[in-house]
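For the sequence shown, the positions run 1 to 227 when my numbering is used.
We put the beta carbon where it would ideally sit given N, CA and C, even for glycine.
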Amino acid sequence: MSTPAPDDCLARNTWICGEYLSTRRTILLDAVLEHLQLTAVPVAIALVLAVPLAVVARRWSKAAGPVLAVTTVLYTIPSLAMFSLLLPLYGLSASLVVAGLVLYSLTLLVRNILAGLRAVPEETRQAARGMGYGPVRLLLTVELPLALPAAMAGLRIATVSAVSLVTIGAIVGFGGLGNLIYAGMNTYFKAQVLTASLLCVVIAVAADLLLLGVQRLLTPWTRAGAP
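And the structure:
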(Lines of atoms letter the chains of each structure in order from A and count residues from 1; the text may use other names and numbers.)
(Lines give C-alpha, C1' and ligand atoms only; values in the text may rest on other atoms or scores of the structure.)
Protein backbone atom coordinates (compact mmCIF):
# COMPACT_ATOMS: atom_id res chain seq x y z
CA MET A 1 0.00 0.00 0.00
CA SER A 2 1.53 3.34 -1.06
CA THR A 3 2.01 6.21 1.38
CA PRO A 4 -0.15 9.25 0.53
CA ALA A 5 1.71 12.38 -0.50
CA PRO A 6 2.14 14.93 2.31
CA ASP A 7 -0.04 18.03 2.23
CA ASP A 8 2.91 20.32 3.00
CA CYS A 9 4.38 21.62 -0.27
CA LEU A 10 7.76 22.00 1.45
CA ALA A 11 7.76 18.32 2.31
CA ARG A 12 6.72 17.47 -1.26
CA ASN A 13 9.47 19.77 -2.58
CA THR A 14 7.29 21.38 -5.23
CA TRP A 15 8.41 24.23 -7.49
CA ILE A 16 5.56 26.54 -6.45
CA CYS A 17 5.10 26.68 -2.69
CA GLY A 18 3.32 29.40 -0.75
CA GLU A 19 4.61 27.92 2.49
CA TYR A 20 8.15 28.71 1.40
CA LEU A 21 7.27 32.38 0.90
CA SER A 22 5.65 32.68 4.32
CA THR A 23 8.35 30.84 6.27
CA ARG A 24 11.38 32.34 4.48
CA ARG A 25 10.13 35.92 4.23
CA THR A 26 13.02 37.44 6.20
CA ILE A 27 15.64 35.43 4.30
CA LEU A 28 14.16 36.50 0.96
CA LEU A 29 13.99 40.16 2.00
CA ASP A 30 17.62 40.17 3.12
CA ALA A 31 18.67 38.52 -0.14
CA VAL A 32 16.70 41.05 -2.22
CA LEU A 33 18.22 44.00 -0.34
CA GLU A 34 21.74 42.61 -0.80
CA HIS A 35 21.01 42.01 -4.48
CA LEU A 36 19.81 45.58 -4.96
CA GLN A 37 22.89 46.97 -3.21
CA LEU A 38 25.28 44.80 -5.21
CA THR A 39 23.58 45.99 -8.39
CA ALA A 40 23.22 49.71 -7.70
CA VAL A 41 26.68 50.39 -6.22
CA PRO A 42 28.83 49.06 -9.11
CA VAL A 43 26.58 50.57 -11.79
CA ALA A 44 26.77 53.96 -10.06
CA ILE A 45 30.55 53.75 -9.76
CA ALA A 46 30.87 52.65 -13.39
CA LEU A 47 28.70 55.60 -14.48
CA VAL A 48 30.94 58.06 -12.62
CA LEU A 49 33.98 56.56 -14.36
CA ALA A 50 32.37 56.19 -17.78
CA VAL A 51 31.36 59.82 -18.28
CA PRO A 52 34.89 61.30 -18.15
CA LEU A 53 36.26 58.39 -20.20
CA ALA A 54 33.67 58.99 -22.90
CA VAL A 55 34.30 62.74 -22.83
CA VAL A 56 38.05 62.19 -23.22
CA ALA A 57 37.45 59.76 -26.09
CA ARG A 58 35.16 62.31 -27.78
CA ARG A 59 37.49 65.28 -27.37
CA TRP A 60 40.69 63.48 -28.36
CA SER A 61 40.14 61.01 -31.19
CA LYS A 62 43.45 59.24 -30.48
CA ALA A 63 42.15 58.26 -27.05
CA ALA A 64 38.95 56.69 -28.38
CA GLY A 65 40.63 53.54 -29.70
CA PRO A 66 42.50 52.64 -26.48
CA VAL A 67 39.52 53.47 -24.25
CA LEU A 68 37.12 51.31 -26.26
CA ALA A 69 39.67 48.53 -26.68
CA VAL A 70 40.44 48.25 -22.95
CA THR A 71 36.80 48.31 -21.88
CA THR A 72 35.87 45.75 -24.55
CA VAL A 73 38.65 43.38 -23.48
CA LEU A 74 37.47 43.64 -19.87
CA TYR A 75 33.94 42.72 -20.94
CA THR A 76 35.13 39.58 -22.73
CA ILE A 77 36.77 38.12 -19.61
CA PRO A 78 34.56 35.33 -18.17
CA SER A 79 33.06 36.25 -14.81
CA LEU A 80 34.74 33.40 -12.93
CA ALA A 81 38.12 34.38 -14.39
CA MET A 82 37.47 38.04 -13.53
CA PHE A 83 36.73 37.22 -9.90
CA SER A 84 39.84 35.04 -9.75
CA LEU A 85 42.00 37.89 -11.07
CA LEU A 86 40.54 40.34 -8.54
CA LEU A 87 40.67 37.90 -5.62
CA PRO A 88 44.21 38.84 -4.48
CA LEU A 89 43.15 42.50 -4.26
CA TYR A 90 39.78 42.19 -2.54
CA GLY A 91 39.68 38.73 -0.99
CA LEU A 92 36.39 36.94 -0.42
CA SER A 93 34.29 40.05 0.10
CA ALA A 94 31.45 42.04 -1.39
CA SER A 95 34.06 44.43 -2.78
CA LEU A 96 35.23 41.63 -5.07
CA VAL A 97 31.78 41.39 -6.66
CA VAL A 98 31.39 45.17 -6.85
CA ALA A 99 34.78 45.62 -8.55
CA GLY A 100 34.02 42.93 -11.11
CA LEU A 101 30.63 44.42 -11.97
CA VAL A 102 32.14 47.91 -12.29
CA LEU A 103 34.53 46.64 -14.95
CA TYR A 104 31.76 44.83 -16.83
CA SER A 105 29.45 47.88 -16.73
CA LEU A 106 32.12 50.24 -18.07
CA THR A 107 32.01 48.81 -21.58
CA LEU A 108 28.27 49.30 -22.01
CA LEU A 109 28.26 52.76 -20.47
CA VAL A 110 31.34 54.16 -22.22
CA ARG A 111 30.21 52.98 -25.65
CA ASN A 112 26.70 54.39 -25.32
CA ILE A 113 27.75 57.71 -23.79
CA LEU A 114 30.39 58.14 -26.49
CA ALA A 115 27.85 57.31 -29.18
CA GLY A 116 25.50 59.92 -27.74
CA LEU A 117 28.22 62.58 -27.66
CA ARG A 118 29.23 61.82 -31.23
CA ALA A 119 25.60 62.12 -32.35
CA VAL A 120 25.36 65.75 -31.22
CA PRO A 121 25.16 67.81 -34.45
CA GLU A 122 28.28 69.86 -35.11
CA GLU A 123 26.16 72.88 -36.06
CA THR A 124 24.67 72.77 -32.56
CA ARG A 125 28.14 72.92 -31.04
CA GLN A 126 29.12 75.76 -33.37
CA ALA A 127 25.98 77.70 -32.48
CA ALA A 128 26.69 77.30 -28.77
CA ARG A 129 30.28 78.45 -29.22
CA GLY A 130 29.02 81.44 -31.17
CA MET A 131 26.86 82.34 -28.18
CA GLY A 132 29.94 82.37 -25.98
CA TYR A 133 29.74 78.89 -24.48
CA GLY A 134 33.07 77.62 -23.17
CA PRO A 135 34.09 73.92 -23.28
CA VAL A 136 32.71 73.09 -19.82
CA ARG A 137 29.42 74.92 -20.28
CA LEU A 138 29.05 73.41 -23.75
CA LEU A 139 29.55 69.93 -22.34
CA LEU A 140 27.20 70.33 -19.37
CA THR A 141 24.36 72.26 -21.00
CA VAL A 142 24.41 71.08 -24.61
CA GLU A 143 26.37 67.89 -25.30
CA LEU A 144 25.51 65.76 -22.28
CA PRO A 145 21.77 66.61 -22.35
CA LEU A 146 21.59 65.72 -26.05
CA ALA A 147 23.54 62.50 -25.38
CA LEU A 148 21.12 61.45 -22.61
CA PRO A 149 18.95 59.08 -24.71
CA ALA A 150 21.94 56.98 -25.75
CA ALA A 151 23.49 57.20 -22.28
CA MET A 152 20.26 56.10 -20.59
CA ALA A 153 19.95 53.19 -23.02
CA GLY A 154 23.42 52.05 -21.97
CA LEU A 155 22.56 52.54 -18.30
CA ARG A 156 19.45 50.38 -18.66
CA ILE A 157 21.40 47.57 -20.34
CA ALA A 158 24.21 47.79 -17.78
CA THR A 159 21.74 47.66 -14.89
CA VAL A 160 19.83 44.66 -16.21
CA SER A 161 23.12 42.87 -16.92
CA ALA A 162 24.35 43.64 -13.40
CA VAL A 163 21.17 42.17 -11.88
CA SER A 164 21.99 38.91 -13.64
CA LEU A 165 25.74 38.94 -12.98
CA VAL A 166 25.30 39.56 -9.24
CA THR A 167 24.15 35.96 -8.90
CA ILE A 168 27.67 34.80 -9.89
CA GLY A 169 28.86 36.37 -6.62
CA ALA A 170 27.35 33.36 -4.85
CA ILE A 171 30.65 31.54 -5.45
CA VAL A 172 32.26 33.88 -2.90
CA GLY A 173 29.20 34.14 -0.65
CA PHE A 174 28.03 37.59 -1.85
CA GLY A 175 25.48 36.97 -4.56
CA GLY A 176 22.23 38.29 -3.13
CA LEU A 177 19.50 36.06 -4.51
CA GLY A 178 22.24 34.06 -6.21
CA ASN A 179 23.15 32.65 -2.79
CA LEU A 180 19.68 31.15 -2.51
CA ILE A 181 19.77 29.84 -6.08
CA TYR A 182 23.18 28.26 -5.52
CA ALA A 183 22.17 26.67 -2.20
CA GLY A 184 18.86 25.51 -3.65
CA MET A 185 20.59 23.84 -6.60
CA ASN A 186 22.99 22.01 -4.28
CA THR A 187 20.12 20.64 -2.19
CA TYR A 188 17.61 20.40 -5.05
CA PHE A 189 15.26 22.74 -3.18
CA LYS A 190 12.86 23.52 -6.01
CA ALA A 191 10.81 26.28 -4.39
CA GLN A 192 13.92 28.20 -3.36
CA VAL A 193 15.51 28.03 -6.82
CA LEU A 194 12.33 29.11 -8.61
CA THR A 195 11.42 31.86 -6.14
CA ALA A 196 14.90 33.42 -6.11
CA SER A 197 15.13 33.20 -9.91
CA LEU A 198 11.76 34.88 -10.38
CA LEU A 199 12.73 37.64 -7.96
CA CYS A 200 15.84 38.32 -10.06
CA VAL A 201 13.61 38.70 -13.12
CA VAL A 202 11.25 41.02 -11.23
CA ILE A 203 14.16 43.20 -10.07
CA ALA A 204 15.57 43.42 -13.60
CA VAL A 205 12.20 44.34 -15.15
CA ALA A 206 11.41 46.84 -12.40
CA ALA A 207 14.84 48.50 -12.70
CA ASP A 208 14.51 48.75 -16.47
CA LEU A 209 11.04 50.30 -16.24
CA LEU A 210 12.20 52.73 -13.56
CA LEU A 211 15.13 53.89 -15.66
CA LEU A 212 12.89 54.14 -18.72
CA GLY A 213 10.60 56.43 -16.74
CA VAL A 214 13.55 58.55 -15.65
CA GLN A 215 14.73 58.73 -19.26
CA ARG A 216 11.33 59.95 -20.44
CA LEU A 217 11.30 62.62 -17.73
CA LEU A 218 14.80 63.83 -18.58
CA THR A 219 14.32 63.75 -22.36
CA PRO A 220 10.83 65.08 -23.08
CA TRP A 221 11.86 66.04 -26.63
CA THR A 222 12.20 62.35 -27.57
CA ARG A 223 8.57 61.49 -26.87
CA ALA A 224 6.26 60.79 -29.78
CA GLY A 225 4.53 63.94 -30.91
CA ALA A 226 6.81 66.24 -28.95
CA PRO A 227 7.45 69.60 -30.66
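C-alpha gap between residue i and residue j, whole angstroms
i           : j           : result
residue 118 : residue 160 : 25 Å
residue 73  : residue 104 : 10 Å
residue 177 : residue 217 : 31 Å
residue 135 : residue 48  : 19 Å
residue 257 : residue 156 : The structure shown does not extend to residue 257, since the chain is modelled only from 1 to 227, so the question has no answer here.
residue 20  : residue 31  : 14 Å
residue 182 : residue 120 : 46 Å
residue 231 : residue 15  : It is not possible to answer for residue 231, since the shown part of the chain is limited to 1 through 227.
residue 191 : residue 145 : 45 Å
residue 90  : residue 132 : 48 Å
residue 92  : residue 34  : 16 Å
residue 168 : residue 200 : 12 Å
Other residues of its chain near residue i: CB distance less than 8 Å, five sequence neighbours each side excluded
i          : result
residue 23 : 10
CB of residue i within 9 Å of CB of residue j, strictly
i           : j           : result
residue 100 : residue 79  : yes
residue 109 : residue 147 : no
residue 97  : residue 43  : no
residue 111 : residue 154 : yes
residue 50  : residue 113 : yes
Residue i burial status per 10 Å Cβ neighbour count (16 or more: buried)
i           : result
residue 69  : exposed
residue 195 : buried
residue 38  : buried
residue 123 : exposed
residue 106 : buried
residue 206 : exposed
Own chain, CB closer than 6 Å to residue i, minus 5 neighbours either side, in chain order
i           : result
residue 82  : 100
residue 128 : 138 and 142
Interface flag, residue i vs chain B, CB-CB below 9 Å
i           : result
residue 202 : Absence of chain B from the displayed structure is noted, only one protein chain being present.
Other residues of its chain near residue i: CB distance less than 7 Å, five sequence neighbours each side excluded
i           : result
residue 193 : 181, 184 and 185
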